[in-house]
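Chemist: Below you will find the structure I want to go over with you.
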Ligand SMILES: [Fe+2]
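Residue numbers (my numbering): 3 to 484.
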């Protein structure tokens, strides 16, 4: 483990083995009285399993974290997501199911056997969402893990309809409040592979396929874009030959190749009809996260955190993070303007200079619509890892920053003030690692100025997580994405 101050962020990649239930965390400052609900987060928290370690940050076994707010007090509990993959990994003494960049299949025989009887990971360490009103932990397969939001106990898999099928999916569905459903997509690998966009109705009824597209070499896409009328697949030139993947001994992501000559492709589909509207190609780029998208003047504005290539994936291997090696790849918030007509060209413009990742917006008000504010994690000029929180005003270009030396904040989750009608009126919540002290705390800040409001002190290090959701108390019984 790295020891110097500058590399102390490596503490965020340590295992957390304790499971706790703390009724009242020590609090500094005053939590807003209206903040009454629960923040549920997931992330990789166990990297050393038996005598082996996983290869990549994204392969750590998932842990759920629950921060519950009421009357100015904060309760906290954490529990491993006891998924099938978790249980099998504990029994085996090593990661049991193929992950992002770690594959337990060591021999050609085992690999071929797994092709005929694939066993996908359900290690939901990427995101929390709600399917049919129930919270689920998601990874990039179609095995959403239901869990009890009070006890964090696993309740089984959310049933998925056979019509959807597919092998690889995403952990970033979009919610459409008008149509009362979520949208997501899967990739079906085969001699003729297919992207399938599908809907997950809020009422818990069966999922249905919305649109399909055949593809020769499927792309690795961590998220997609949605406007009020359209779903857009942003197809990065990080692609896989499905046949080679099945016969190759490499872990999942190692089968993908960066082919910049393919360019970056936008495929636009109409939500209501499933019709493929248009596809456009521009210069190669990579992204994990879309920020938002909307229609304006007959064009689409598609905002994403854009890297020049996919080198960021290689920089997140566990051994180099634990050694304190810097993550230098810079994801920049970028706006693509994509014509809805089949002529015209795609243009790209920077929304802010410097690194911004794990972007969040005022999703309840602005998903798929014009918007003003984006929050995300930044990296200061001397920083080796994400070390700050940024608020970007897309109207004025103004940027606010929250930074405390030696502290590493996670994804900033926006929580709207109940009853407010103004975009961005609320607070930001972030789980922060204090690398000097070796403990984490939960920070609440003003959403616009990013000034401190209050914090709740945890008793241990919470490994860097990925994503989470806040649920106001009234909705805890039947959760709706914020
Ligand atoms: Fe993500």
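Even for Gly, the Cβ is constructed at its ideal location relative to N, Cα and C.
Please determine, among 53, 41 and 171, the residue with the shortest C-alpha to C-alpha distance to residue 197.
Modeler: Comparing Cα-Cα distances from residue 197 to each of 53, 41 and 171, the minimum goes to 171.
Chemist: How is the alpha helix (DSSP H) around residue 368 delimited, first residue to last?
Modeler: Unbroken alpha helix (DSSP H) run through residue 368: 365–368.
Chemist: Look at the alpha carbon of residue 118 and the alpha carbon of residue 140, and state the distance between them as a whole number of angstroms.
Modeler: Per-residue confidence for residue 118 stands at a pLDDT of 49, beneath the threshold of 50, marking its modelled position as unreliable; no derived number is given.
Chemist: Do the region 458–472 and the region 434–447 meet, that is, are 3 or more Cβ pairs less than 8 Å apart?
Modeler: Verdict: yes, contact present.
Chemist: Measure the CB-CB distance between residue 470 and residue 43 and report whether it falls below 8 Å.
Modeler: Result yes, Cβ atoms of residue 470 and residue 43 sit closer than 8 Å.
Chemist: Any heavy atom of ligand 1 inside 7 Å of the beta-carbon of residue 176?
Modeler: Outside the cutoff, so no.
Chemist: Which of the three DSSP states is assigned to residue 83 in this structure?
Modeler: Residue 83 falls in the coil class under three-state DSSP.
Chemist: For residue 454, I'd like the list of residues in its chain whose CB is within less than 6 Å of its CB, leaving aside the five on either flank, ordered along the chain.
Modeler: Cβ within range, chain order: 447.
Chemist: Where does the unbroken beta strand (DSSP E) through residue 456 begin, and where does it stop?
Modeler: Counting along the chain, the beta strand (DSSP E) containing residue 456 begins and ends at 454–459.
Chemist: Please state whether DSSP places residue 118 in a helix, a strand or coil.
Modeler: With a pLDDT of 49 at residue 118, under the threshold of 50, the predicted position of this residue should be treated as unreliable, though the coordinate-derived value follows. DSSP places residue 118 in helix when its eight states are reduced to three.
Chemist: So, under 8 Å CB-CB, residue 280 and residue 344 are touching, yes? Tell me the CB distance rounded to an integer number of Å.
Modeler: Residue 280 to residue 344, Cβ: 5 Å. Contact.
Chemist: For residue 216, which option in 203, 191, 238 and 233 has the closest C-alpha, if you only look at C-alpha atoms?
Modeler: Here the closest residue by C-alpha is 191.
Chemist: Please report the straight-line C-alpha distance between residue 86 and residue 300, rounded to a whole angstrom.
Modeler: Computed Cα separation, rounded: 47 Å.
Chemist: Is any non-hydrogen atom of ligand 1 found closer than 7 Å to the C-beta of residue 523, if you look at the structure I gave you?
Modeler: Past the edges of the chain, shown from 3 to 484, lies residue 523, and the structure says nothing about it.
Chemist: Classify residue 23 as helix, strand or coil using the three-state DSSP reduction.
Modeler: Three-state result, residue 23: strand.
Chemist: Taking residue 46 and residue 69 to be in contact with their CB atoms under 8 Å, please state how far apart those CB atoms are, rounded to whole angstroms.
Modeler: About 18 Å separates the two Cβ atoms, so there is no contact after all.
Chemist: Where in the region 51–97 do unbroken runs of the beta strand (DSSP E), each at least 3 residues long, occur, reported from the N-terminal end onward?
Modeler: Whole beta strand (DSSP E) segments, 3+ residues: 63–72 and 75–82.
Chemist: Per DSSP, which one or two residues make a beta bridge with residue 471?
Modeler: Paired residue(s): 42.
Chemist: Do residue 468 and ligand 1 come close, with the Cβ less than 7 Å from some heavy atom?
Modeler: Checking the Cβ of residue 468 against ligand 1 gives yes.
Chemist: Going along the chain, which residues of its own chain have a beta-carbon closer than 6 Å to the beta-carbon of residue 317, five neighbours each way excluded?
Modeler: These residues qualify, in order along the chain: 329 and 331.
Chemist: Quick one: does the C-beta of residue 128 sit closer than 7 Å to a heavy atom of ligand 1?
Modeler: Within the cutoff, so yes.
Chemist: Taking C-alpha atoms, which residue in 158, 415, 291 and 136 lies nearest to residue 225?
Modeler: Nearest option by C-alpha distance: 291.
Chemist: I'd like to confirm the pairing. Which residues does DSSP put opposite residue 228 in its beta bridges?
Modeler: The partner list for residue 228 (beta bridge, DSSP) reads 233.
Chemist: Buried or exposed: where does residue 148 fall if 16 or more other Cβ atoms within 10 Å of its Cβ makes it buried?
Modeler: By the 10 Å Cβ count, residue 148 comes out buried.
Chemist: Helix, strand or coil, according to DSSP, for residue 12 in the structure here?
Modeler: Three-state result, residue 12: helix.
Chemist: Which word fits residue 397, buried or exposed, when buried means at least 16 other C-beta atoms lie within 10 angstroms of its C-beta?
Modeler: Counting Cβ neighbours within 10 Å, residue 397 comes out exposed, since fewer than 16 surround it.
Chemist: Would you list the one or two residues that DSSP bridges to residue 306?
Modeler: Answer by DSSP bridge pairing, in chain order: 292 and 336.
Chemist: Going by C-alpha distance, which of 131, 239, 257 and 234 is nearest residue 245?
Modeler: Here the closest residue by C-alpha is 257.
Chemist: Taking only runs of the beta strand (DSSP E) that begin and end inside the region 169–204, which ones reach a length of at least 3 residues, in chain order?
Modeler: If we require 3 residues or more, the beta strand (DSSP E) runs fully inside the region 169–204 come out as 176–178, 183–190 and 195–203.
Chemist: Going by C-alpha distance, which of 19, 243, 367 and 464 is nearest residue 194?
Modeler: Among 19, 243, 367 and 464, the Cα nearest to that of residue 194 is on 243.
Chemist: Under the assumption that residue 335 contacts residue 101 (Cβ atoms under 8 Å), give the Cβ distance between them as a whole number of angstroms.
Modeler: So it is not a contact: roughly 29 Å between Cβ atoms.
Chemist: When we look at the beta-carbon of residue 273 and count the other beta-carbons within 10 Å, is it buried (16 or more) or exposed?
Modeler: Buried, because 16 or more other Cβ atoms sit within 10 Å of the Cβ of residue 273.
Chemist: With C-beta atoms as the reference, is residue 327 less than 8 Å away from residue 373?
Modeler: No.
Chemist: By how many angstroms is the C-alpha of residue 22 removed from the C-alpha of residue 285?
Modeler: Each residue's Cα considered, the two are about 48 Å apart.
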